[in-house]
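Read the structure below first, then the notes.
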Amino acid sequence: MTRYIIRRILQAIPLLFIISLILFLLMRSTGDPLAMMGGRRATRPEDRERLARQLGLDKPLYVQYLYWLIGNDWTKIDMDGDGVAETPGDRRGVVRGEFGTSMVSRGRPVLEMIWERLPNTLILMIPAEVIIILFSLAIGVYSALRQYSFVDHLVTALSFVGYSMPIFFIALVSMYIFAVNFKRWGLPYLPTVGMFDPQVGKTTGQVLLHMVLPILSMSVISIAGYSRYVRSQMLEVIGEDYIRTARAKGLPRRMVITGHALKNAALPLVTIVGLDIPLLLGGAVVTESIFAWPGMGRLFIDHVSRADTPVVMGILMLISVAVVVSQLVTDIVYAWLDPRIRYT
Amino acid sequence: METAIESPIAAVPEELEAPPLTPRELVWRRFRRHKMAVAGVFMLILLLLYSVAGAFVFPESYANLTETGARLQPPSAAHPFGTDTVGRDILARTIYGGQISLLIGLFAVVVEVIVGVLIGAIAGYYGGWIDSVLMRFTEAMFNVPQIFLLLVMARFFAGKIPTVQFLGRTFSGSVIVIILIIGMTSWMYLARIVRANFLSLKEREFVLAAHTTGTTNLAIIFQHILPNSMAPIIVAATLGVASAILSEAYISFLGLGVQPPTATWGNMLDGAYNYIESAPWLWAFPGMLIVLTVLSINFVGDGLRDALDPRTLAQ
Amino acid sequence: MAPLLEVQDLTTRFDTLEGVVHAVNGISYTLEEGETLGIVGESGCGKSVSVLSIMGLIPQPPGKIVAGRVLYRGQDLLQRDEEQMEHIRGREIAMVFQDPMTSLNPVLTVGRQISEALVVHLGMTEAEARHRAIELLAMVGIPQADERYADYPHQFSGGMRQRAMIAMALSCNPSILIADEPTTALDVTIQAQIVDLVKTLRERLGMTVIWITHDLGVIAGLAEKVIVMYAGFIVERGNVDDIYADPRHPYTLALLKSLPRVDRSSKERLATIQGLPPDLLGLPPGCPFAARCDYAVERCRQENPRLEFVASGHEAACWVDVATRRSDSRPADAVSSKSTGRER
C-alpha cells in the first residue's frame, strides 16, 4: 500500500513540471507584458530595456522558465546593460514558494494577493462539495430504489435539465426567483452581491446568507450529473449476485441497501468527488463574477484581462497543484477503501 | 389402449426467420426506442430551423441595428423578445446568435475530434515512449480546468486573427479564435478514449492479418482500426457539441469571447445580470435557447450512447 | 407425517420487452424431512427460477408468480409478505448459489458476511456471532478459521469461497438447504470435496436438501428423489435408483446416454441431444421436447403430456413408452397445452 502511494506521488511530480512548462510557454509566447507596463506614457526604449533586463525578459525562453521555477538569487543578472552580470537576482522561484510580484498591482507579491482571496473561494467550494456529495447520494439512491416510478422519471428529467444549464443561467434564474421576486412578494430574500452587506459588517450570519445563492448555483450542475451516476451505479450493484445472497440470508431490506449495496455503489463516487475539484474551481470563476464575490476566480479574471502574467501564472499553478494533489488523494483513498486493492 | 407402433417423425424444419438486421438498422431501432433522444432530435431540428430560416425573416443588419430610443423594451408585438441595452431587437439577435453559437459548437468539435483522434490513435497504436510522452502531455492539459485555459488563450489570442469572409457573411476573428481554443482544450477526453480503444484493438487478429499483407501503418490506423472505434467517437463528438456551446457561452459571458456587435447567445448574457430586476428578457431568452439546445444534444447523445453500446451490440 | 415442503402447481413467468417468458409451468413436488431432492435439467429449464420463486427472490416486475402454492410446514410462502419472508430466508430455508466469487460481497469480510445473519436471526451479539462464525468456518473445513474470519472474498480460493457460502447458509440451522448448482463453477476435484462436505453436514445436522444441477453424475451419489425438468415442466420424477435404472422419459434417457462413462470404449462417440432448448418466449403447443425427441409421434406435437405414473413412485410425462416405442392414445385431459394456469 505504501509502495502504491509513493509510486503515485512520484508520478505526480513530473506531471506538475510538465504542466508548469506548458503554462509558462503559453503565457510567455502570447503577449507582450511590457506593453502594459508603461501606463499612459509611452515607454522610452532605454526604460524598456531596463525593465526587460530586470524582469529577465531578455533571456532565452528556457532560461526564463528556469528562473521562474527556481529563482535567480543564486546567479547574477546584468542590470545596467554593460554585458557584465553583477547584481544578484532577487527571485527565489516557484519551487521555493515565490511567485513573483504583480505587474498590475505594482510590486505586490503574487502569493500575498492569492492568499488574501483564497479563503473566500474555499468558503464557497468546500460547503458546495459537501452538499454535492450528500445530495447526489441521496437523490441517486432514492431514484435507484424507485426505478421507473414517476419520481424516478421526474428526477431523471430534472437532472438532464440541470446539467444542460450553464452556471450563470442557474445563477441568474435563482437570483431572479430568490432575490428579485421574493423581494417583490415581500418574502425574506437572499442577497446577491458580495460577501456581506457593508452596512452590517462581515459577520458570520451575513456571510452565510450571502453564501446561499452562489453555492446553490455551483452545486446544481454537479448534483444533476452525479445523482444520475450514483443511480446507475446503485442499479448495477443491486443487480449483482451478492445482493441476491444478502437477501437470501433474510437480511432486512434496509440492511441490504446500506450495508451491502451502498458500500459498493458509493466507492466510485470517491473518484468522482476527486475529479470534481477542477469543475468547482472553474465554476467558482463564473459564480464569483456574477455575485461579486471576492475570491480567487474573480482575481483571475481581473488580472487575465490586464495581462498580469505573474498573478495569472500563480493562480494557474496553484490550481494545477490542487488538481493533481486532489487526484492523488482520491486515488489513495479509493485504494484504501477498496479491499480488493488494499489487500493485494 | 395403444395403437400400433408409429415411426418417429423427423424434427420439424426450422421456420424461416426474418433476415437479421444490419448493425446500422439495429442501432437506429434502438435509438428510436429512446423517446427522449428522438424528442431531442426534433428539438434540434427546430432550433436549426430557427437559426437558419430565421435569417430569411430578419437580415443581419437588423440584428445589429441599434435604436437607442427603443432601449430595454419589454416583449411586445414589434419586438417579441424585447430590446437590449442599445435598442437592438433580441429576437433577431437570438437568431443570428444561434447561428454563431451552433457554428462554434460544431467546428470546435471538428477541431477537437481531429486533434483527439490523432493523438489517441498514435499513442494507442505505437505505444512505447510515444505513448508515454503523449499521455503525459494529455494528462497535463487535462489537469488544468478548461475555463482557465480558455480565458488565458482567449485573452492572448485576441486580435491576432483578422475577420474572415465566408459565404457572404463577415465573421470576426474572435469567432475563429474561440473555435480553435475550445477545440484545443477539449480533445483530451476523446484522446483517452481513442487510445484505450486502439490499445485493445491493435492486438486483434484483423490487425495482424493486415500487417502480414503488408498494409502500411497509416492505412491500418485509418482504414482498419479507426472504423471500429467510431461508436465512442460519435458519442463523444455529439456530447462535445453541447460542451462547446456551453464553453463559448461561458467565455462570452465573461467578456472574453466573441465580441459584439456579432451576437452569440453567450455574449448576449454578458452584463445582463445588471438588469435582472428591470429587464429579465435580456437574459431569459438567450439563456433558454442555450439550455434547450444543450438539453436536446444531451438527450441525443445519451440515446446514441445506449444505441451504440458495444456490450449489448455484440449479442 | 406432513411433508416439510410441498410445491403445488408453481407457475412463474417474466414479462419482458420481447414477450412473456414462461419460465416455470405448473410444477409440483413434495419434500419430506431429511430427504435430499435433486432437480436436474439443462440451463434455462427453470430449475433456478423455481427455487428462487420458493424463496420469494424473483424480481417482481418483471417476474410474476402467477399460480401455485408453496407450503412450508403447512403455511403458503407465496402468501407471505416481504417482512415475513425475511424471517424465513436464512433462518428456515437457506440457499447456496452457483458462483461464489460474485455471490460474496467483495467489500465485506467473509466472517462479517457470516456473522451478520447470526446477529439478525438469532439475536447474537457481535462477539458471540464472531465466535460462532469462526466455528462454522472450521466446520466447513477452512483452516485457521480465526484468522480467515477477517479476510475478504478475493483472498479465498474458489473452493474455499464455496465452503464459506455453505457456512453462511448453515449458520442459523435452517430446515432446508437449497443448493443451486454449487459446484458448477468449480474444478472437478473441488467439486467432489464440496459434495462430500455437504453429505457430512447433512448427516451431522439432519438437513433436508434440494440440490440443483445439470450433472446427473453428482445426483447419483447424493439424492434420494430426483426431478427432471425441461422448459419449465417436470418431465420425470421418482427415486434416484428408479430413474437411473429405468428412465421413462426420452429426455432423461438422452441425458443418461450422454454421460461419458469410464467403462465404455473410448472410441465410441459421445451421444448428444440434437437441437437446442426451446425458446421460452414462444413454446410450441404439445410436448416441449418433441422437436428434439427420437421417439416423438404426431400426438407429441399437439398435446403436452401430463405426469403419469409408470411404476410405483415413478412418474413420467410422455405419450410414448420408450421401452416398446408404443404411443399412448388415451384421450388427454381437459388441459393439454403448456401453460397450466390456474389463476390464484
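As you go down the protein sequences, you meet chains B, P and X in turn. Each number in the numbering used here corresponds to the 1-based position in the first sequence with 31 added. Each number in the numbering used here corresponds to the 1-based position in the second sequence with 9 added. Each number in the numbering used here corresponds to the 1-based position in the third sequence with 16 added. The beta carbon of each residue, even a glycine, is placed where N, CA and C say it ideally should be. Bear in mind that the values here come from a model prediction, so they are computed numbers and not experimental data.
Taking GLY49 of chain P as the centre and dropping the five residues before and after it, the same chain places the C-beta of SER305, PHE308, VAL309 closer than 6 Å to its C-beta, in chain order.
Under the three-state reduction of DSSP output, ASP78 of chain B falls in the helix class. Counting only residues of its own chain and dropping the five nearest sequence neighbours on each side, PHE262 of chain P has a CB closer than 8 Å to the CB of GLY275, ASN276, LEU278, ASP279. Within the stretch 106-160 of chain X, the runs of alpha helix (DSSP H) that reach at least 4 residues and sit entirely inside it are, in chain order, 116-119, 126-138, 142-155. In the three-state DSSP reduction, ALA218 of chain P falls in the helix class (H, G or I). Inter-residue distance for LEU359 of chain B and LEU46 of chain B is about 12 Å (C-alpha atoms, whole angstroms). Close partners of GLU148 of chain P in chain B (Cβ separation under 7 Å): LEU46. Along the stretch 232-266 of chain B, there is no position whose C-beta sits under 8 Å from a C-beta of chain X. Considered as a whole, the stretch 264-312 of chain X harbours no complete run of any beta strand (DSSP E) with no fewer than 3 residues.
The three-state reading of DSSP puts GLY35 of chain X in strand, counting E and B together.
In the three-state DSSP reduction, PRO89 of chain P falls in the coil class, being neither helix nor strand.
Per DSSP, the continuous alpha helix (DSSP H) segment holding THR361 of chain B begins and ends at 340-368. Taking the C-beta atoms as reference points, ARG264 of chain X is found nearer than 7 Å to VAL326 of chain X. In the DSSP assignment, GLN91 of chain X forms a beta bridge with X:TYR88. Chain X places a beta carbon closer than 7 Å to that of LEU282 of chain B, counting this residue as a contact. Nearest to ALA270 of chain X by alpha-carbon distance, out of X:VAL278, X:ASN255, X:GLY291, is X:GLY291.
For the 7 Å CB-CB criterion, THR152 of chain B and GLY326 of chain B form a contact.
As DSSP reads the structure, HIS43 of chain P sits in no beta bridge. In terms of CA proximity to THR147 of chain P, B:ILE49 leads the group B:ILE49, B:ILE332, B:ARG329, B:PHE322. For the stretch 204-229 of chain B, the set of positions with a beta-carbon nearer than 9 Å to some beta-carbon of chain X is empty. GLU314 of chain X is bridged by DSSP to nothing; it lacks a bridge partner.
For ALA83 of chain X, the three-state secondary structure derived from DSSP is strand.
Separation of the CB atoms of TYR282 of chain P and LEU203 of chain B is rounded to 6 Å, and the pair is thereby assigned contact status at 8 Å. Proximity to MET162 of chain P across B:LEU54, B:GLN42, B:SER195, B:LEU330 peaks at B:LEU54, based on C-alpha coordinates. Across the structure, PRO78 of chain X and ARG29 of chain X are spaced so that their CA atoms are roughly 8 Å apart. Beta-bridge pairing by DSSP links PHE331 of chain B to no other residue. Assigned with DSSP and collapsed to three states, ARG29 of chain X falls in strand. For LEU248 of chain P, the nearest beta carbon of chain B is not closer than 7 Å to its own beta carbon. Going by DSSP, LYS233 of chain B is part of no beta strand (DSSP E) at all; its letter is neither H nor E. For ARG253 of chain X, the pairing in a beta bridge is given by DSSP as X:ILE243, X:GLU331. Those residues of the stretch 39-51 of chain P placed with their C-beta closer than 9 Å to a C-beta in chain B are MET45, ordered along the chain. Taking the Cα positions, ASN41 of chain X is about 30 Å away from LEU282 of chain B.
According to the DSSP assignment, GLY54 of chain X belongs to the beta strand (DSSP E) that extends over 52-56. For the stretch 327-344 of chain B, residues whose beta-carbon sits nearer than 8 Å to a beta-carbon of chain P comprise PHE331, ILE332, VAL335, SER336, ALA338, VAL343. Counting only Cβ-Cβ distances below 9 Å, GLY296 of chain P has contacts in chain B at MET196, PRO197, PHE199, PHE200, LEU203, VAL204, in chain order. Residue X:GLY127 holds the alpha-carbon nearest to the alpha-carbon of GLU163 of chain X among X:GLY127, X:SER191, X:ALA183.
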